[in-house]
Ligand SMILES: Cc1cc2nc3c(=O)[nH]c(=O)nc-3n(C[C@H](O)[C@H](O)[C@H](O)COP(=O)(O)O)c2cc1C
Ligand code: SF4
Ligand code: FES
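Chains as they are written, first to last, in my numbering: chain Z, 7 to 212; chain U, 186 to 622.
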């Protein structure tokens, strides 16, 4: 008996069908498990093990290798601020301090209400738009300390069901790595990447 | 100065819809994939070899030659490397977001050339938006019959699966990428076999190529080998994408011909340094590359050969510019911290060495460095990459360990006085890196 909802189970079947060998579906299924529970629970990992036919210990070993599989409760909004070289040169450390200060959440932690988690990240591929930040892996480019504070206040107050990259860029962003040109019509509802085949993307975010 | 655009032409001419299949079709798209179906494997491999195309993922290895190594066992697989995580690099992101069909046409051509019927595109987990764009393009292409059973009405079947990573730089290394795609920990595999083309995904022959490499293929078939070579400069054929960031007025991705100088790149394309500050140094090819400085390198042409002879590499095409307010110790600490964080931990010199280097740089930056720390940095580096030579000697399973040595040799060779000043003065001489407005 699966602990997953019907819709998650049918997703899992679709995902398995995309790989020649079941085990290759471990990573996508771990995202499904996170979307079910909000973070990666032991039960979630055991369920993934059942689906792909390996042991729970093997799944845990895989999950622990990657930074994006959060094996502890994480806030509804995961704020990841890049502090790698290009962003550091443009003042990322000040932006990080502003975000930590405004949210009261230091790097690697979550606030008491489970709303915001803060982490500093290594390069997220937006160096031309330094300082770069992601909320639930949706991008904001050209962040400043002041805009970082505004972002935190907005997340706490507005508490959107899902965050949309264009909306956040409009509200808090600045210079971009390149012209984004095309709007994104999906939102990210939790600390995992919003990707339609994994059922983790929320439609019509705005 | 404006340069000819090939890979970025569609997105520049048609910003609103360069990502759609309608626009792609209206600008000649998928004709080359269809044409490839009527060509033999040997013909396709020979064309790509003759084009001189070098892989754009960092190692600059001949794509045609790599394809020719494909072992005879079947099924063979294609894995496109979209893990783009080398600090400073954001070009594949733009190719995926703004012109996904161009890349997908390259996938079809590569699949046909290598008798592949199932291709994977591995995209870093922090790129959900590029992955969504690509997935929509994949869905459009399936609906047109460009993927699936009997592509373009032929009897050739081809599937493509978009796969998201989990946030681990090391998965960009091709054998780690393959392990990750198999559902294993993303640890690089012991060599030999040196090429996944011998044994790769599920221990079958596998071609691993970068996103930008894929994007070049339709153009090579379309314009022909001679025209493609003429875009470049000697052995560096075609155009290349560079991601420019740091202290420049115009950061961004630029499609350029090889052979222009660093001065042109930084001062003309990049518009110079904000506030007309002095250029202090720059990283010429991603975080793994040894740094360049204006006295020695500003007028060198940007080619694989010239950059290699000067002791660095073009790598992933990422150029990070630093002005005279940048503290070299802090800059090195950031780059070393990255490698320390991303080390997979299999090899002792890499796992322990990067941790030590990061710690020593931290204490020097904090003003707590000891006089022997400068030598210690070099000594630890020497344990990771014996002789501190270029190209680096490798004692480890993959090149990540030796990459962490690049910032150390860069600052110790050219800015030793500044490193020592931290130690003798017991403080960083730059109170704070100035943030340009
Ligand atoms: C530590 C490490 C990280 C790498 N990261 C990437 C990457 O993010 N993207 C990429 O295309 N190649 C990366 N590479 C290079 C790949 O191993 C491989 O050479 C490349 O994908 C082959 O494609 P190409 O020949 O088209 O360049 C990395 C290599 C190493 C050693
Ligand atoms: S060199 Fe470092 S990253 Fe590469 S395999 Fe060894 S420990 Fe892992
Ligand atoms: S260094 Fe911050 S996004 Fe690349």
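All residues carry an ideal CB built from backbone N, CA and C; glycine is no exception.
Closer than 8 Å by beta-carbon distance: list the chain Z residues that pair up with residue 346 (chain U), in chain order. 24 and 25
Name the one or two DSSP bridge partners that residue 86 (chain Z) has. Z:125 and Z:140
Which residues mark the beginning and the end of the alpha helix (DSSP H) in which residue 607 (chain U) is found? 601-610
Based on the DSSP secondary-structure assignment, which residues constitute the bridge partners of residue 395 (chain U)? Beta-bridge pairing links residue 395 (chain U) to U:266.
For residue 395 (chain U) and residue 241 (chain U), which I take to be in contact (beta-carbon distance under 8 Å), what is that distance rounded to the nearest angstrom? Indeed they touch by this definition, with Cβ atoms about 5 Å apart.
List the DSSP bridge partners of residue 304 (chain U). According to the DSSP secondary-structure assignment, residue 304 (chain U) is paired through a beta bridge with U:263 and U:345.
Any heavy atom of ligand 3 within a distance shorter than 6 Å of the CB on residue 151 (chain Z)? no
Straight-line CA distance for residue 232 (chain U) to residue 344 (chain U)? 24 Å
Which residues in the same chain have their Cβ closer than 6 Å to the Cβ of residue 306 (chain U), if we skip the five residues on either side of it in sequence? Counting only residues of its own chain and dropping the five nearest sequence neighbours on each side, residue 306 (chain U) has a CB closer than 6 Å to the CB of 265, 267 and 347.
Can you tell me the Cα-Cα spacing of residue 250 (chain U) and residue 227 (chain U), whole angstroms? 12 Å
Alpha carbon to alpha carbon, what distance is there between residue 424 (chain U) and residue 442 (chain U)? 5 Å
Is it buried or exposed for residue 177 (chain Z), if we count other Cβ within 10 angstroms and need 16 for buried? Per the 10 Å Cβ criterion, exposed.
Assumed close pair residue 193 (chain U), residue 440 (chain U) - CB separation to whole angstroms, cut-off 8 Å: 5 Å
Shorter than 7 Å from the beta carbon of residue 116 (chain Z) to some beta carbon of chain C? No chain C is present in this structure, whose protein chains are Z and U.
Less than 7 Å between CB atoms is the rule here; does residue 55 (chain Z) satisfy it with respect to chain U? no
Should residue 130 (chain Z) and residue 174 (chain Z) be called a contact, given that it needs their Cβ atoms to be closer than 7 Å? The answer is no: Cβ separation not under 7 Å.
Using beta carbons (cut-off 7 Å, strictly below), is residue 190 (chain Z) in contact with chain U? yes
Per DSSP, what kind of secondary structure is residue 323 (chain U) in: helix, strand or coil? Helix.
Range of the contiguous beta strand (DSSP E) that encloses residue 37 (chain Z): Per DSSP, residue 37 (chain Z) belongs to no beta strand (DSSP E); it is in the alpha helix (DSSP H), 32-43.
Verify whether the separation of the beta carbon atoms of residue 514 (chain U) and residue 546 (chain U) is less than 7 Å. yes
Taking Cβ positions, are residue 473 (chain U) and residue 595 (chain U) nearer each other than 7 Å? no
Within 7 Å, strictly: CB atoms of residue 81 (chain Z) and residue 30 (chain Z): no
Can you tell which of U:540, U:309, U:510 and U:569 has its C-alpha closest to the C-alpha of residue 521 (chain U)? U:540
Nearest by alpha-carbon distance to residue 169 (chain U): which of U:319, U:244, U:533 and U:585 is it? There is simply no residue 169 (chain U) to check, as chain U begins at 186 and stops at 622 in what is shown.
Can you check DSSP and say which residues form a bridge with residue 247 (chain U)? U:239
Closer than 6 Å to a non-hydrogen atom of ligand 2 - does that hold for the CB of residue 206 (chain Z)? No.
Contact set for residue 614 (chain U): own chain, Cβ-Cβ below 6 Å, skip 5 residues either direction: 606
Within the present structure, is the beta-carbon of residue 516 (chain U) separated from the nearest heavy atom of ligand 3 by less than 6 Å? No, the beta carbon of residue 516 (chain U) sits no closer than 6 Å to any heavy atom of ligand 3.
Relative to the alpha-carbon of residue 209 (chain U), which residue among U:308, U:329, U:583 and U:252 has its alpha-carbon at the smallest distance? U:329
Please report the distance separating the alpha-carbon of residue 262 (chain U) from that of residue 234 (chain U). Approximately 20 Å, taken between the alpha carbons.
Could you tell me the distance, in whole angstroms, from the CA atom of residue 603 (chain U) to the CA atom of residue 563 (chain U)? 16 Å
Cut-off 7 Å between Cβ atoms - residues of its own chain near residue 399 (chain U), not counting five sequence neighbours on either side: 265, 288, 291, 292 and 295
Reference residue 236 (chain U); option with closest CA among U:377, U:414 and U:419: U:414
Nearest-angstrom Cα distance between residue 21 (chain Z) and residue 204 (chain Z)? 8 Å
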